[in-house]
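Set out below in structure tokens:
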């Protein structure tokens with residue numbers, strides 16, 4: 003079973019659709035850097051409904067030993083930069099993040115990257131959910147933007163296309 007490193011957004015979106023506990027069923031280990039925990043803590047302080055990492059014993063808080071010096075110029079968030087740096091140090095782990103620039107940067111660095119939608123597909127494949135179609139509007143409501151084309155492609159991959 004694969005191991006993962008998670009940025010803030012997949013934790014947030016999965017939490018908001020009631021699927022955060024799929025992560026330890028899909029991965030033998032899940033890490034997030036302390037910058038991710040801090041982003042979530044800041045959200046809770048501001049009154050947002052976000053997960054508290056201490057409530058998930060399966061989520062390890064692990065920091066990278068160093069940060070690539072060129073990444074601050076990319077205008078990535080602290081959570082994304084730290085998660086990517088940790089993945090560079092642990093390249094066998096799958097990196098979970100949704101930001102387009104962060105994904106492109108991580109893929110260019112040779113990392114394996116999954117977004118939250120890929121997690122939904124893997125959850126269906128693993129039998130954790132019978133269908134993902136009902137989750138798509140909920141995850142969009144939670145803040146994950148996706149084009150209609152992406153939505154249709156995900157549903158097609160899941161074998162859940164409806165006739166239009």
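Residue numbers (my numbering): 3 to 166. The beta carbon of each residue, even a glycine, is placed where N, CA and C say it ideally should be.
Which term fits residue 105, buried or exposed, when burial requires 16 or more other beta carbons within 10 angstroms of its beta carbon?
Indexing the chain shown from 1 puts residue 105 at position 103. Looking at its Cβ environment, which holds 16 or more other Cβ atoms inside 10 Å, residue 105 is buried.
Between the segment 125-134 and the segment 96-116, do at least 3 Cβ pairs fall closer than 8 Å?
Proximity of the segment 125-134 to the segment 96-116 falls short of the contact definition, fewer than three beta-carbon pairs being nearer than 8 Å.
Assigned exposure category for residue 139 - 16 Cβ within 10 Å defines buried:
Residue 139 sits at position 137 when you count from the first residue of the chain shown. When all chains shown are included, residue 139 counts as exposed.
Counterpart residues of residue 97 in DSSP-defined beta bridges
Along the chain shown, read from residue 1 onward, the residue named residue 97 stands at position 95. 7 and 115.
When the Cβ atoms of the segment 42-60 are set against those of the segment 157-164, are three or more pairs found closer than 8 Å?
no
Three-state class that DSSP yields for residue 45 in the structure shown:
As a working note, residue 45 is residue 43 in the chain shown. Of the three classes helix, strand and coil, the one that applies to residue 45 here is helix, per DSSP.
Is DSSP giving residue 56 helix, strand or coil here?
Sequence index remark: in the chain shown, residue 56 carries index 54 (1-based). Looking at residue 56 - three-state DSSP - the assignment turns out to be helix.
Does the beta-carbon of residue 116 have 16 or more other beta-carbons within 10 angstroms, so that it is buried, or is it exposed?
Counting from 1 along the chain shown, the entry for residue 116 is found at position 114. Its Cβ being crowded by 16 or more others within 10 Å, residue 116 is buried.
Beta carbon of residue 66, beta carbon of residue 84: below 7 Å?
If you number the chain shown from 1, residue 66 lands on position 64. If you number the chain shown from 1, residue 84 lands on position 82. Cβ distance < 7 Å, so residue 66 and residue 84 count as in contact.
Taking 7 Å as the threshold (C-beta atoms), are residue 111 and residue 18 in contact?
For this step, residue 18 is matched to residue 16 along the chain shown. For this step, residue 111 is matched to residue 109 along the chain shown. Not in contact: residue 18 and residue 111 (Cβ atoms no closer than 7 Å).
Cβ-Cβ distance between residue 4 and residue 63 below 7 Å:
On the chain shown, residue 4 is found 2 positions in, with the first residue counted as 1. On the chain shown, residue 63 is found 61 positions in, with the first residue counted as 1. No, they are not a contact pair.
What is the residue span of the alpha helix (DSSP H) that residue 103 lies within?
Here residue 103 is taken as the residue at index 101 of the chain shown, counted from 1. Counting along the chain, the alpha helix (DSSP H) containing residue 103 begins and ends at 102-110.
Note down the Cα distance separating residue 101 from residue 88, rounded to an integer number of angstroms.
Here residue 101 corresponds to residue number 99 of the chain shown, with the count starting at 1. Here residue 88 corresponds to residue number 86 of the chain shown, with the count starting at 1. Their Cα atoms are separated by approximately 17 Å.
By alpha-carbon positions, which one of 7, 11 and 29 ends up nearest to residue 124?
Against the chain shown, residue 124 aligns to sequence position 122. Nearest C-alpha to residue 124: 29.
Excluding sequence positions up to five away, which residues of its chain have a Cβ less than 6 Å from the Cβ of residue 7?
Looking up residue 7 in the chain shown gives position 5. Only 33, 85, 88, 89, 95 and 97 meet the Cβ criterion.
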